[in-house]
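Asker: Submitted below is the structure of interest, expressed as structure tokens.
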Amino acid sequence: MSRKLKDSLLNSITYLCAFLGVLVLGSILIYVLINGLKLINVDLLKNDYWSKNYLVAVENDQSSTFECDGCKGYFSSKWGVSFIDEVTSHNEKVISVEYIAENSPFEQLTSLTAGETYGQIVPMEKGYMIEKIDYIDSEGNTAIAGKILKQDAQALQESLDNASSITSIYMKSPGGGIRGSLIATLYLILISLIISLPIGIASAIYLNEYADKSKINRWLRQGIETLTGVPSIVYGLMGVSVLFPVTTVFGATGTSILLGGLTMAIILLPTIIRSVEEALIVVPQSLRDASLSLGATKSQTIFKVVLPCCMNGILTGVLLSIGRVIGESAALIYTMGTFISDNPVINGPATSLSLMIWSFMSAEQPNFELACAISIIILSVVLILNIVVKIVGKKLSKNFV
Amino acid sequence: MIDASKEKKNKLIDGICKTFFLAMAILSSSFIVILVLFIFMKGISPFLPGYEFGQVNIIDFLFGTTYRQDQGIYGVGFIVINTLISAFASLLLSFPISVLCALFIVKIAPKKLSVLMKSVVELLASVPSIVYGVFASGLIVIFVKWLASIFGITTAGGSSLLAVIILLAIMIFPTITSMSITAIQAVDKDLENASLALGATRTQTNFKVVLTSAKSGIFAGAILGIGRAFGEATAVSMVAGNKLFGPTFDLFDITRTLTSTMLAGLKETSGLDYDIRFSVGIVLLFVIFFSNWLLNSLKNRIGKNS
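From first to last, the protein sequence lines are chains L and C. Taking the numbering used here, I'd label the letters of the first sequence as residues 1 to 401. Taking the numbering used here, I'd label the letters of the second sequence as residues 1001 to 1306.
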């Protein structure tokens, strides 16, 4: 009896341990979902991170009345524009433009900012945030309205309906989006794969098809395997000290996407080599023998018989690599910098999605909502990649059995 | 005649291909040499006489107990101790849970639950460290703050040694578990059957025969796990708090690890403050190398005893 009790106690401890694992995964998922889900929308994906400031004049001052059929928010029938109250991804309360009627004076705005852009037409779009409006009211006094006076959308609309002419508008384009970082991440994936794939596949072919068991080949293999044990932050140090001179040839002056991509290429090498090798091992020797006995040379055999058979392995390597690049942060902090760029270029600094999180999480006031929203995107990509890898892997094992 | 020239051409192509493959393999494996070489060259430069930003005393660097970038005092002695403490403590916390979880997956769980748990472990392994960092600085610190308030201690917003330990324990859990799963699956069926035939219960067999026969593989998982704990950078930096002096033994006090030091206040890309990060990188590589060597020899000793 006491042994039975002891056994079930031990068993329930293992149940508890497994439950802890589920608990951790569950709380991570729930945490990022609760905090980030409300920010996930199309605007997040297509907006710039930094909002631009505009100081504009309304060209057409003659007032007529406008109709608003079914538009949301507070509609100013005098100016043909409607406003709503919104909260940005930075947790800031703003008044943003919801609707602009046709022929509304707000369609034709000219820039008042001194410099090259002075006098140019600024297109007003839905989502722009009104900070301050200088206007002359019906009694001829100058007045101001907008967020600067802690007004809400309704108060702004009432002030505008009372205005006889508008002197200037100070507004901001919507920010807090991740478009720049998304593009930078894609560049990063492309660059690292373009460099890493050929080197990785060729190395795997050498190790599996040519290499005998000599000491030198053992060293080669050992060298590649040691790469897996190096922490990624050390790769970052390597990137700036070894690979930086390479990127200056392409016009980089400091941290750049190119440098990040080159560094990632080295980080990915062991992953790609291993998955290609695993696929090469599965290809039956009889296929190679058949090809060779038909008179094909060794290189012909490799390119026309062996490699087509291990496409699944290469695909697995690519998918695992993409996951790794999206999640990588430590190595990239050194090589790509932490400045969020809205228009990333290959030889300039930018942030990938992970780096973007790091960039504003290490700031004075961490923005948890946006961090969680990006985490959701990263996690779902990684999750999808994992599932695809599993499906590809199953097909791989079916091929020759 | 045509055949002969074609054969010659084919042989040439074959030769070129082989050389290309060999060259790529040599390139791939030479990266580790280049990596170590360059980091060493840059990392020891601050200690050499004639260093442009003012030579640093290597003894002060290795055994110093203060690290202040603003005052130009760089001592990593206490950081090494902090790193060892946080890594081994997280291993201590994570190891039993991981091993028992692996045992559950392979031997105890019903088939469907076992498949589900395996996916959970795989998912945890694929969560990027930056997401763990967000989770840690959002949720783990709140837990630590709450725990500290029970003891009547105030923490620096929850950033503390304990938060680092919990975070690292979570991060190395999937590594150790998946290695242990492989090790437990490889245990000889005959051993189990022998144990069962002698009258031991299923559970006794699992705990006394299966786990002890798989200990070599489980230990390898622990070594892999602690390697990850040493090298983890971004997530740890988010909750470590970067103490200026140390070492930290108090669970609720902020701490500083080698990796968080390398990331802290990274702004310029030249000067002593930048170069010294390479020196810290060398120290990190040494710490990883030595603890691997130590644990490996321990593993061999344990393996011999059985």
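We put the beta carbon where it would ideally sit given N, CA and C, even for glycine.
Name, going along the chain, the residues of the region 306–326 of chain L whose beta-carbon falls closer than 8 Å to a beta-carbon of chain C.
Answerer: Going along the region 306–326 of chain L in chain order, one finds G323 and I326 with a Cβ nearer than 8 Å to chain C.
Asker: By how many angstroms is the C-alpha of L:S77 removed from the C-alpha of L:I169?
Answerer: Rounded to whole angstroms, L:I169 to L:S77 spans 18 Å at the Cα level.
Asker: So L:A57 is in the beta strand (DSSP E); what residue range does that whole segment cover?
Answerer: Where L:A57 is concerned, the enclosing beta strand (DSSP E) stretches over N53 to V58.
Asker: Could you check whether the Cβ of L:C71 sits closer than 7 Å to any Cβ belonging to chain C?
Answerer: Closer than 7 Å: no.
Asker: Which residues bound the beta strand (DSSP E) around L:V87?
Answerer: Segment V81 to V87, the beta strand (DSSP E) holding L:V87.
Asker: Report, in whole angstroms, the separation of the C-beta atoms of L:G163 and L:I144, which I expect to be a contact under 8 Å.
Answerer: The residue you asked about is not Gly; residue 163 of chain L is Ala in the sequence shown. Contact flag wrong, Cβ pair sits at about 10 Å.
Asker: Please classify C:W1146 as buried or exposed, where buried requires at least 16 other C-beta atoms within 10 Å of its C-beta.
Answerer: Classification for C:W1146: exposed.
Asker: Going by other Cβ atoms of all chains shown within 10 Å of its Cβ, with 16 needed for buried, is L:L280 buried or exposed?
Answerer: It is buried - the Cβ of L:L280 has at least 16 other Cβ atoms within 10 Å.
Asker: Taking all protein chains shown into account, do 16 or more other C-beta atoms lie within 10 angstroms of the C-beta of C:R1256, making it buried, or fewer, making it exposed?
Answerer: With 16 or more Cβ atoms within 10 Å of its Cβ, C:R1256 is classed as buried.
Asker: Can you give me the C-alpha to C-alpha distance between C:K1111 and C:L1139, rounded to a whole angstrom?
Answerer: Approximately 33 Å between the Cα atoms of the pair.
Asker: Who are the neighbours of L:F83 on chain C, taking C-beta pairs under 9 Å?
Answerer: Near L:F83 there are no residues of chain C at all, since even the closest Cβ is about 33 Å away, more than 9 Å.
Asker: CB of L:V22 to nearest heavy atom of the ligand ATP: below 6 Å?
Answerer: This structure lacks the ligand ATP, and indeed carries no ligand of any kind.
Asker: Cα separation between C:S1114 and C:L1084?
Answerer: Going from the Cα of C:S1114 to the Cα of C:L1084 covers about 34 Å.
Asker: Any idea which residues DSSP pairs L:L109 with across the strands?
Answerer: L:V58 and L:V122, per the DSSP bridge assignment.
Asker: If the cut-off is 9 Å on Cβ atoms, which residues from the region 252–268 of chain L count as contacting chain C, listed in chain order?
Answerer: Listed in sequence order: G254, T255 and I266.
Asker: Could you round the C-beta distance between L:I374 and L:I357 to whole angstroms and report it? I think they count as a contact, below 8 Å.
Answerer: Sure, about 5 Å apart at Cβ, within 8 Å.
Asker: If you reduce the DSSP assignment to three classes, tell me which class C:G1064 lands in.
Answerer: Coil, per DSSP.
Asker: Alpha carbons only, please: which of L:L44, L:E102 and L:K394 is nearest the one belonging to L:E369?
Answerer: Comparing Cα-Cα distances from L:E369 to each of L:L44, L:E102 and L:K394, the minimum goes to L:L44.
Asker: Kindly list the residues whose CB is nearer than 7 Å to the CB of C:Q1185, restricted to its own chain and excluding five residues on each side of it in sequence; keep chain order.
Answerer: Result list for C:Q1185: V1106, in chain order.
Asker: Judging by CA-CA distance, which residue of C:E1007, C:F1031 and C:T1259 is the nearest neighbour of L:S241?
Answerer: Comparing Cα-Cα distances from L:S241 to each of C:E1007, C:F1031 and C:T1259, the minimum goes to C:F1031.
Asker: Classify C:F1047 as helix, strand or coil using the three-state DSSP reduction.
Answerer: C:F1047 falls in the helix class under three-state DSSP.
Asker: Counting along the chain, where does the beta strand (DSSP E) carrying L:F75 start and finish?
Answerer: Element bounds for L:F75: Y74 to S76.
Asker: Determine the extent of the alpha helix (DSSP H) in which L:Y135 is found, giving its start and end residues.
Answerer: First-last for L:Y135: M129 to D137, but that is the beta strand (DSSP E), not the alpha helix (DSSP H).
Asker: DSSP state of L:A145, grouped into three classes?
Answerer: Three-state result, L:A145: strand.
Asker: For C:F1230 and C:T1248, I'd like the C-alpha separation in whole angstroms.
Answerer: Their Cα atoms are separated by approximately 16 Å.
Asker: In angstroms, rounded to a whole number, what distance separates the CA positions of C:A1222 and C:L1091?
Answerer: So the alpha carbons of these two residues sit roughly 7 Å apart.
Asker: Okay, do the region 151–158 of chain L and the region 71–90 of chain L touch, 3+ Cβ pairs below 8 Å being the bar?
Answerer: Touching, per the Cβ criterion.
Asker: Straight-line CA distance for L:M361 to L:G146?
Answerer: Straight-line Cα distance between these residues: approximately 30 Å.
Asker: Checking the sheet assignment: what are the DSSP bridge partners for L:V94?
Answerer: In DSSP, L:V94 forms a bridge with L:E86.
Asker: Thinking just about the alpha-carbon of each residue, which of L:N53, L:P123, L:G140 and L:I191 is nearest to the one in L:K132?
Answerer: The residue with the shortest Cα to Cα distance from L:K132 is L:N53.
Asker: Could you confirm whether any beta carbon from chain C is found closer than 7 Å to the beta carbon of L:K298?
Answerer: True, the Cβ-Cβ gap to chain C drops below 7 Å.
Asker: C:R1277 versus chain L: which residues are under 9 Å apart at the beta carbon?
Answerer: Within 9 Å Cβ-Cβ: L237 and Y334.
Asker: Taking L:G337 and L:T255 to be in contact with their CB atoms under 8 Å, please state how far apart those CB atoms are, rounded to whole angstroms.
Answerer: Right, their Cβ atoms sit about 4 Å apart.
Asker: What does the Cβ neighbour count give for C:R1228, buried or exposed, with the cut at 16 atoms within 10 Å?
Answerer: Buried, because 16 or more other Cβ atoms sit within 10 Å of the Cβ of C:R1228.
Asker: Against chain B, does L:L23 count as a neighbour if the rule is that its beta carbon must be under 7 Å from one of theirs?
Answerer: No chain B is part of this structure, whose protein chains are labelled L and C.
Asker: Take L:V401 and list the residues in its own chain whose beta-carbon comes closer than 6 Å to its own, dropping the five residues that flank it on each side.
Answerer: In this prediction, L:V401 scores a pLDDT of 49, lower than 50, which makes its location untrustworthy; the coordinate-derived value is nonetheless stated afterwards. Taken in chain order, the list of residues that qualify is empty.
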